[in-house]
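Residue numbers (my numbering): 663 to 1078.
Beta carbons: idealized from backbone N, C-alpha and C, even for Gly.
Accompanying notes for the structure given below.
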Amino acid sequence: MQDKYLKKLNIPDKPGVYFFLKEKKILYVGKATSLRDRVKSYFGKDLIGTRGPLLVEMVYQTDKIKWQIADSILEAIILEANLIKKYQPKYNTKEKSDKSFNFVCLTKEKLPKVLVVRGKNVKHSVFDKIYGPYPNGNQLIEALKIVRKIFPFLDAKSKNYLEFYKQINLAPDINDRKLYLQNIRNLKLFFEGKKKKILKNLEKEMKEYAKMREFEKAGEIKRKIFALQHINDVALLKSESRKQENFQPCALPGVPGGTLAHGNFLVSAIRIEAYDIAHMGGKNMVGVMVVLENGEVAKNEYKKFKIRTQDNSNDTGALAEVLERRLAHKEWIYPDLIVIDGGVAQINATKKILSRLNLDIPIVSVVKDEKHKPKAILGDEKIIAKYKKEILLANSEAHRFAIAYHKNLRARNFLK
């Protein structure tokens, strides 16, 4: 295909899926945050250097491009999977077997669970419904988090974490089987790309509850309708299309030649992780991680760590333990910025761990005064200027969460 043909196409700057065709046969299906930008990226001068040989071959064979707009990136991901399954395009399946892809599977239980299963482990006789394949595992996990906030469901971990899931609205009351099965039915429709049908069903249910003066239930359905119409898929923006900017290293006061980790830093949708340690004289020592996604707290991703390796007031050692344990979870999306409480010692400890793991993540630290109020932020000046509000919010939230966890642990241990 020639570049001049591409210029004639009025490809929209919207999320959706695109098709590369040859003589009406679909060669490849892809998803995009911006259809215009993604398709354009296949026709750069450095095509061979930036794309694998299979996709280069595909571009040269293509004689037509089509696309389909989606309301959100989340829906584009689901639409892409459904179309790959339907058409089995040559260049989607040639490089990678379905056995290595991920699938969303619903069990045949009385209260069906929703599981993410590798293709090699998918057995049609075991599951009620199977959706996929989804080539990007991390993106699928983020997508399920978004869907789950609208239609709570049970998963493989629900047995041990059900009460926690209830607290963060990721699991319904399992005593209300009718409501749970409604969620599952809507989940199925969503993964089949039938959002309009879900909205129609929900509108009907909302009116029925309102007629019966069950306004609380009607209000809950209204919330679901709004969430479906305004899907917040910021987390997916990060993994789909990162707009990056390079920051120069900034010397730290008190550290000869010291620099913060620097390099690729997300400018648009940003995930900030903040860490703090709490204890009383080294006893009942705990650490926490809190998360901000695009400036908003993501409480469902908060983590608690009971310190195992320190039995004194070594805050720096405790921070190192927390970071090592957190970063060992490669299935959790890595942050774009790490916020720590403390000064140079904490920064150096964090840098040491990141260096050992070969991770290039910027760090800032919030220094407190004698009243534990922020008095300075150490780190890259450009990052601090752009995200000062978010940095302080993350630090404050980490401190609150750490103190609450420490007090809870101390009370439990006192009663033993």
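Rounded to the nearest angstrom, what separates residue i and residue j at their Cα positions?
{"i": "ASP977", "j": "TYR1067", "result": "16 Å"}
{"i": "GLY1005", "j": "ASP998", "result": "20 Å"}
{"i": "ASP1022", "j": "LEU1016", "result": "7 Å"}
{"i": "TYR842", "j": "GLU719", "result": "47 Å"}
{"i": "PRO1036", "j": "ASP973", "result": "27 Å"}
{"i": "HIS941", "j": "ALA1011", "result": "19 Å"}
{"i": "GLU865", "j": "ILE673", "result": "33 Å"}
{"i": "LYS1048", "j": "LYS965", "result": "26 Å"}
{"i": "THR755", "j": "PHE681", "result": "14 Å"}
{"i": "LYS1069", "j": "VAL950", "result": "13 Å"}
{"i": "GLY799", "j": "LYS1033", "result": "45 Å"}
{"i": "PHE852", "j": "ALA982", "result": "42 Å"}
{"i": "ARG904", "j": "SER696", "result": "At ARG904 the pLDDT is 38, less than 50, meaning the model places this residue with poor confidence; the figure from the coordinates comes in the next sentence. If you take the alpha carbons of ARG904 and SER696, they lie about 11 Å apart."}
{"i": "ARG1018", "j": "ILE995", "result": "18 Å"}
{"i": "PHE705", "j": "ARG698", "result": "12 Å"}
{"i": "SER1058", "j": "ASP1042", "result": "20 Å"}
{"i": "LYS748", "j": "ILE688", "result": "11 Å"}
{"i": "LYS1044", "j": "GLY881", "result": "43 Å"}
{"i": "LEU716", "j": "LYS1050", "result": "44 Å"}
{"i": "GLU876", "j": "ALA1060", "result": "38 Å"}
{"i": "GLY925", "j": "PRO1024", "result": "Low local confidence applies: a pLDDT of 32 at GLY925 is under 50, so the model's placement there is unreliable, with the coordinate-based value given in what follows. Cα to Cα, GLY925 sits roughly 8 Å from PRO1024."}
{"i": "ASN783", "j": "SER975", "result": "47 Å"}
{"i": "ARG700", "j": "LEU671", "result": "13 Å"}
{"i": "ARG987", "j": "ALA1007", "result": "19 Å"}
{"i": "ARG1074", "j": "VAL948", "result": "14 Å"}
{"i": "ILE792", "j": "GLY943", "result": "53 Å"}
{"i": "GLY979", "j": "ILE969", "result": "10 Å"}
Name the residue from the options whose alpha carbon lies nearest to the alpha carbon of residue i.
{"i": "PHE765", "options": "TYR753, GLY781, GLU1059", "result": "GLY781"}
{"i": "LYS961", "options": "ALA982, ALA936, GLN972", "result": "ALA936"}
{"i": "VAL778", "options": "LYS785, LYS772, CYS767", "result": "CYS767"}
{"i": "LYS676", "options": "PRO715, LYS669, ILE735", "result": "ILE735"}
{"i": "VAL721", "options": "THR695, LYS747, TYR753", "result": "TYR753"}
{"i": "ALA694", "options": "SER703, LYS686, ASP817, PHE1063", "result": "SER703"}
{"i": "GLN891", "options": "GLU867, ILE934, LEU861", "result": "LEU861"}
{"i": "VAL691", "options": "ARG698, GLN730, ASP699", "result": "GLN730"}
{"i": "ALA1064", "options": "VAL952, ASN1075, GLU963", "result": "VAL952"}
{"i": "LEU989", "options": "SER975, LYS884, LYS1013", "result": "LYS1013"}
{"i": "LEU1054", "options": "THR971, GLU958, ARG1074", "result": "GLU958"}
{"i": "LYS686", "options": "ASN1075, LYS728, VAL701", "result": "LYS728"}
{"i": "ILE934", "options": "GLU963, VAL948, LYS945", "result": "GLU963"}
{"i": "SER787", "options": "THR769, VAL948, LEU954", "result": "THR769"}
{"i": "MET868", "options": "LYS856, GLY855, ILE887", "result": "ILE887"}
{"i": "GLN750", "options": "ILE836, ASN783, TYR796, GLU804", "result": "TYR796"}
{"i": "LYS811", "options": "LEU849, LYS785, ARG700", "result": "LEU849"}
Report, in whole angstroms, the separation of the C-beta atoms of residue i and residue j, which I expect to be a contact under 8 Å.
{"i": "TYR871", "j": "LYS858", "result": "Contact doesn't hold; Cβ gap of about 21 Å is too wide."}
{"i": "GLY794", "j": "ALA743", "result": "5 Å"}
{"i": "LYS684", "j": "ASP725", "result": "5 Å"}
{"i": "VAL1026", "j": "ILE1046", "result": "6 Å"}
{"i": "LEU741", "j": "VAL679", "result": "5 Å"}
{"i": "LYS775", "j": "ALA818", "result": "7 Å"}
{"i": "LEU773", "j": "ARG839", "result": "7 Å"}
{"i": "LEU1040", "j": "ILE1009", "result": "6 Å"}
{"i": "ASN863", "j": "PRO814", "result": "With 8 Å as the limit, ASN863 and PRO814 do not qualify as a contact, their Cβ atoms being about 17 Å apart."}
{"i": "ASP650", "j": "ASP1031", "result": "One cannot answer for residue 650 here, as it falls past the ends of the chain, which runs 663 to 1078."}
{"i": "ASN946", "j": "ARG1072", "result": "5 Å"}
{"i": "ALA1038", "j": "VAL1001", "result": "Not confirmed; about 13 Å, so no contact."}
{"i": "GLU854", "j": "LEU954", "result": "Actually they do not touch by this definition, with Cβ atoms about 33 Å apart."}
Locate the beta strand (DSSP E) running through residue i, then write down its first and last residues.
{"i": "GLN730", "result": "726-731"}
{"i": "GLU935", "result": "933-942"}
{"i": "ILE688", "result": "687-694"}
{"i": "PHE705", "result": "Premise fails: PHE705 is in no beta strand (DSSP E) and is neither H nor E."}
{"i": "ASN946", "result": "945-955"}
{"i": "TYR680", "result": "678-684"}
{"i": "LEU768", "result": "764-769"}
{"i": "LYS961", "result": "No beta strand (DSSP E) contains LYS961, which DSSP labels as neither H nor E."}
Over what stretch of residues does the alpha helix (DSSP H) that includes residue i continue unbroken?
{"i": "LEU981", "result": "977-989"}
{"i": "VAL784", "result": "Element bounds for VAL784: n/a, residue is neither H nor E."}
{"i": "GLU755", "result": "According to the sequence as given, residue 755 is Thr; it is not Glu. Residues 752-755."}
{"i": "LEU816", "result": "Segment: none, LEU816 is in no alpha helix (DSSP H) and carries neither H nor E."}
{"i": "GLU878", "result": "877-891"}
{"i": "TYR842", "result": "839-853"}
{"i": "ILE792", "result": "Note, ILE792: premise wrong, no alpha helix (DSSP H); beta strand (DSSP E) at 789-796."}
{"i": "LYS861", "result": "Position check: residue 861 holds Leu in this sequence, whereas Lys was assumed. Element bounds for LEU861: 857-873."}
{"i": "ASN672", "result": "Unbroken run through ASN672: none, as it is neither H nor E."}
{"i": "LEU736", "result": "735-749"}
{"i": "LEU773", "result": "No alpha helix (DSSP H) contains LEU773, which DSSP labels as neither H nor E."}
{"i": "GLU993", "result": "First-last for GLU993: undefined, no H or E at that position."}
Handout entry: beta strand (DSSP E) runs contained entirely in the segment 1004-1037, provided each spans 3 or more residues
Key = 1025-1030
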